[in-house]
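If you read the sequence shown in the working numbering, its first letter stands for residue 6, the second for the next number, and so on. See below for the structure under consideration.
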Amino acid sequence: MDQAQLAERLKNIKQELCSVTLIAVTKYSALEDLEMAYAENQFDFGESKVNDLKYKANYFQEKNFNNVRWHFIGHLQTNKVKELLRIPNLSAIHSVDSLRLLKEIIKNKSEFTEVELKIFLQLNTSHEDEKTGFTSMLEFEEAVELLQNTNGPLKLAGLMTMGSIRTEDFELSAKKCFSELEKVREQLIKKYKILDLKLSMGMSQDYKIALTYGTDFVRIGSALFK
Ligand SMILES: *Cc1c(COP(=O)(O)O)cnc(C)c1O
């Protein structure tokens, strides 16, 4: 992939997205790929490992690329929370998948020195064991209440999910998972009088489906960088 190819892919995908935010997932990409995307005015990036994110975010900071927004999208271990919260230009954590993890983030929130950190609660809508995410609605609602009663910089920004990996019909599975997330959002908005709750769903394989279910963020890696 060269600059022109990446520019073309970004242009095509962004046209489809309209006002939906594209998170360019760089977990398989080298720094040169990120710089190429940045040169095309791509400022939202996603990483799934704390060490990789730290390395890439520090590199961007050294270059004075300070208008980037980093989105953490992978499974986060509680012993990595502090390290993650200190990373420059961290904008959101999309993968808060348990009450235990949320409590650890809240406990360490003073490590985060910027104004706002967006928190997305991840739901396991496909009910696959290897997927992380809340499965119990009781625990999930406790997490929502906890976040609502926590003052800055953490902000309940939305909900995240993934379609099935293990499936013969990924389209059907994606539709099921995405519509479930949309329903949960409506329930939360009603029950907790939350005004604005975003959806983070859709990857290279299924982002077009996510668009039809009203997603606000898509997380795309391979369709851009492979
Ligand atoms: C890797 C990853 C993506 C991007 O996947 P692609 O299929 O490469 O687009 C999106 N979300 C999460 C949580 C991921 O781990």
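Where a beta carbon is used, it is the ideal one built from N, C-alpha and C, also for glycine. None of these values were measured; they are calculated from a predicted model.
Q) Identify the residues that DSSP records as bridge partners of V223: which are they? A) Start at 1 with the first residue of the sequence shown, and residue 223 comes out as number 218. Under DSSP, V223 shares a beta bridge with L27.
Q) Is DSSP giving I124 helix, strand or coil here? A) The residue labelled residue 124 in the question sits at position 119 within the sequence shown. Residue state, collapsed to three classes: strand.
Q.
Considering only their Cβ atoms, is the gap separating T172 from L186 smaller than 8 angstroms?
A. On the sequence shown, residue 186 is found 181 positions in, with the first residue counted as 1. On the sequence shown, residue 172 is found 167 positions in, with the first residue counted as 1. Result no, Cβ atoms of L186 and T172 do not sit closer than 8 angstroms.
Q) Going by the CB atoms, is the gap between V86 and E119 shorter than 8 angstroms? A) Within the sequence shown, numbered from 1, the residue matching residue 119 stands at position 114. Within the sequence shown, numbered from 1, the residue matching residue 86 stands at position 81. If you check the CB distance, E119 and V86 do not come in under 8 angstroms.
Q. Where F145 and A9 are concerned, what is the direct C-alpha to C-alpha distance, given to the nearest angstrom?
A. The residue labelled residue 145 in the question sits at position 140 within the sequence shown. The residue labelled residue 9 in the question sits at position 4 within the sequence shown. Taking the straight line from one Cα to the other gives about 44 angstroms.
**Q.** Pairwise C-alpha distance: Y43 and N17
**A.** For the purposes of this step, residue 17 is taken as residue 12 along the sequence shown, with counting starting at 1. For the purposes of this step, residue 43 is taken as residue 38 along the sequence shown, with counting starting at 1. If you take the alpha carbons of N17 and Y43, they lie about 16 angstroms apart.
Q: Return yes when the C-beta of R224 is under 7 angstroms from any heavy atom of ligand 1, and no when it is not.
A: One-based indexing of the sequence shown puts residue 224 at position 219. R224: yes, Cβ under 7 angstroms from ligand 1.
Q: Could you name the residues of the same chain whose beta carbon sits closer than 7 angstroms to that of S53, not counting the 5 residues immediately before and after it, in chain order?
A: Sequence index remark: in the sequence shown, residue 53 carries index 48 (1-based). These residues qualify, in order along the chain: K32, I78, G79.
Q) Going by C-alpha distance, which of S24, A62, A148 is nearest S247? A) What is shown of the chain runs 6 to 231, which leaves residue 247 out entirely.
(Q) If I follow the unbroken beta strand (DSSP E) through V101, where does it start and stop? (A) Residue 101 sits at position 96 when you count from the first residue of the sequence shown. First-last of the beta strand (DSSP E) with V101: 95-101.
Q. Is the segment 112-130 close to the segment 149-164, with three or more CB pairs under 8 angstroms?
A. Verdict: yes, contact present.
Q.
Does the beta-carbon of I78, which I'm using as the reference point, lie nearer than 7 angstroms to any heavy atom of ligand 1?
A. For the purposes of this step, residue 78 is identified with residue 73 of the sequence shown, where counting begins at 1. Under cutoff, so the answer is yes.
Q: Give the straight-line distance between the Cα atoms of V55 and E13, rounded to the nearest whole angstrom.
A: Residue mapping note: residue 55 aligns to position 50 of the sequence shown, counting from 1. Residue mapping note: residue 13 aligns to position 8 of the sequence shown, counting from 1. One Cα belongs to V55, the other to E13, and the distance between them is close to 30 angstroms.
**Q.** Of the listed residues D174, N46, L11, nearest to S34 (C-alpha basis)
**A.** On the sequence shown, residue 34 is found 29 positions in, with the first residue counted as 1. Among D174, N46, L11, the Cα nearest to that of S34 is on L11.
**Q.** Supposed close pair I92, K59 - CB separation, criterion 8 angstroms
**A.** As a working mapping, residue 92 is identified with position 87 in the sequence shown. As a working mapping, residue 59 is identified with position 54 in the sequence shown. Going by Cβ atoms, the distance from I92 to K59 rounds to 5 angstroms, so yes, they are a contact pair.
**Q.** Three-state secondary structure assigned by DSSP to S205
**A.** To locate residue 205, count along the sequence shown from 1; it is residue 200. In this structure, S205 counts as strand in the three-state DSSP scheme.
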